[in-house]
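Here is the structure we will look at.
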Amino acid sequence: MWGTRFVPRIKLLQSTYFRFALALTLTFAAAYLVAIWLAFQAINDDLEGRVYQSVALQAEEFENAYELSGRSALVEAVDAAARAADHEDEVYWLGFADGRYVAGHSLASPLSIRDGDTAGPRLSGDEDDTYRVVTRQFGDLRLIAARSYEESDEIKEGVLFAFLGAALITFLLATLAGGAMARAGQRRIDRISSTLDAFAGGKMEQRVPLARHSDDLDRLSVRVNTALDRLQMTVDGIRQVSSDIAHDLRTPINRVGIQIEALQAELSQSPALEGRLEAAADEIRQIASTFDSLLRIAQIEAGTNRNRFEIFPLTEIASNLIESYSAVAEDAGRSLQLDLQTENPTLVLGDRNLLTQLAANLIENSIRHCPIGSRIQLSVGSEAQRAWIEVRDDGPGIPATERENVLARFYRLDKARKDGGSGLGLAIVKAIATFHKARLELRDVAPGLGVRVTFPDYREAMRERA
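Heads up: the sequence shown is residues 22 to 487, going by my numbering.
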């Protein structure tokens, strides 16, 4: 459950839509952060400029007082400003050039203070503060005026917090919007993919639903639907031609067979001629069987029997086949055994008749192509909630290079040509397995060949049907 639960999320993270949305979101976030930095720098410069202007304006007022009324007015103005000011915010000191105090706030080492930014402790202020200092010279008197950056720093902190909060909210909204866009786009791509999967699985009437957005995916969907229409017409035409040929030829062949059987009855007194007619009748029956198999494959590939699907255990099929074929195998000089490799239910969702034919074809192949004395085993089991059925024997087997080829229609190994058969037995098995979305595997069981068909979990198959 945990593995399947995260598959859609992983799929979304790997999608082009999500990567595009993520790249766009990151680009937007980077641009937004750069804009915030530039705006913050501008605000910082403005606030620091305001602090300088404030202290410079106060120094200018002192200078005006000195020019208008002399030294005494300057001393009074500095004392008044110092009394009115908060020492932690503003500092005013007036003294002689050698550092002797005259008016304002007292400073420990005024001679070391110069214009520009100065740390708070040097001005007897807050240790965490920095001050903007402006100095002026009035004859033998020196003025030190300073203003703290504390207020501007608080404003900058508030602005920065607001900027970062807005950036975070914007980034989250952009991420959510990008994720929603990615999900919407991925759903449309998934619909195209599921349509193609369904089409490949035999549901040739399936088409990609159009979202009517008139965008690139809609145009792609139209092209896909057009291609599927043409492919369906081609496949239907091929199936119809194959079915028509098989059907139209089967009738006259059956008539020839009936006529040969009638001749056999009339010429029962001529053993030589009767033997030839018997051989001809066998060939006619083989040809008729071949056409029956072709029709059967066409019907299976057309998917006309899905309404016959039901849930049942494979053990039922296996038990019935053992009962039917044990005597056949024994008459042919082979042995057939049943091997149930699990106590769990081997439930599958499928067509009971088709799966019976699948297993029967595998048993008949082993009886036909294995030497006398061979042992044939019909096994049923389950693994990871997936039921399987297998027929294995200790015969000559099939070379690994030929195992894919023998699943094709009419393909027979050289030895198989001597044993008879139409070359369609495994082709029917493959068609039935594909029809049930089962995995068909031919493997070496040393000695001999094992053919295993593993079916999907019937619960997943039910959900897909729904």
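Glycine residues also receive a C-beta, built at the ideal position from the N, C-alpha and C atoms.
Would you kindly work out how many angstroms separate the C-alpha atoms of Asp-478 and Val-472, rounded to a whole number? 19 Å
To the nearest angstrom, report how far apart Gly-160 and Ser-75 are at their CA atoms. 24 Å
Any alpha helix (DSSP H) of 4 or more consecutive residues that is wholly inside the segment 86-155: 92-105
Excluding five sequence neighbours on each side, which residues of the same chain lie with their C-beta closer than 6 Å to the C-beta of Lys-458? Pro-477
From Leu-383 to Ile-210, what distance separates their C-alpha atoms? 40 Å
If you draw a straight line from the alpha carbon of Ala-248 to that of Ile-338, how long is it in whole angstroms? 40 Å
Using only the alpha-carbon positions, how far apart do Val-50 and Val-180 sit? Checking the displayed sequence, the identity of residue 50 turns out to be Ala instead of Val. When rounded, the distance between both Cα atoms is 18 Å.
Taking the C-alpha atoms as reference points, what is the distance between Phe-83 and Glu-175? 28 Å
Taking one C-beta from the segment 151-159 and one from the segment 61-80 each time, how about it: are there three or more such pairs within less than 8 Å? yes
Top-ranked residue by Cα proximity to Arg-480, from Ser-133, His-234, Glu-331: Glu-331
Rounded distance between the beta-carbons of Leu-252 and Ile-343, thought under 8 Å: Ile-343 to Leu-252, Cβ: 42 Å. No contact.
Straight-line gap, Phe-184 to His-126 (C-alpha atoms, nearest Å): 38 Å
Three-pair Cβ contact test at 8 Å for the segment 193-202 versus the segment 134-141: no
Limits of the unbroken beta strand (DSSP E) element including Gly-416: First-last for Gly-416: undefined, no H or E at that position.
Counting only runs of 4+ residues fully inside the segment 157-193, write out the alpha helix (DSSP H) ranges in chain order. none
One or two residues paired with Val-401 in a DSSP bridge: Leu-361, Ile-410
Can you tell me which residues form a DSSP beta bridge with Pro-334? Leu-368
Would you kindly report the start and end of the unbroken beta strand (DSSP E) that includes Gly-471? 470-475
I need the boundaries of the alpha helix (DSSP H) containing Leu-379, first residue and last residue. 373-390
Distance, Glu-385 Cα to Asp-10 Cα: A question about residue 10 goes unanswered here, because the residues of the chain that appear run from 22 up to 487.
7 Å Cβ shell around Arg-228 - same chain, five flanking residues per side excluded: Thr-216, Asn-246, Leu-249
Can you give the beta carbon distance from Ala-42 to Met-202, rounded, assuming they're within the 8 Å contact cut? 5 Å
Where does Glu-462 sit, in a helix, a strand or coil, going by DSSP? strand
Restricting to Cα atoms, I'd like to know which of Asn-365, Phe-333, Ser-395 is closest to Asp-372. Phe-333
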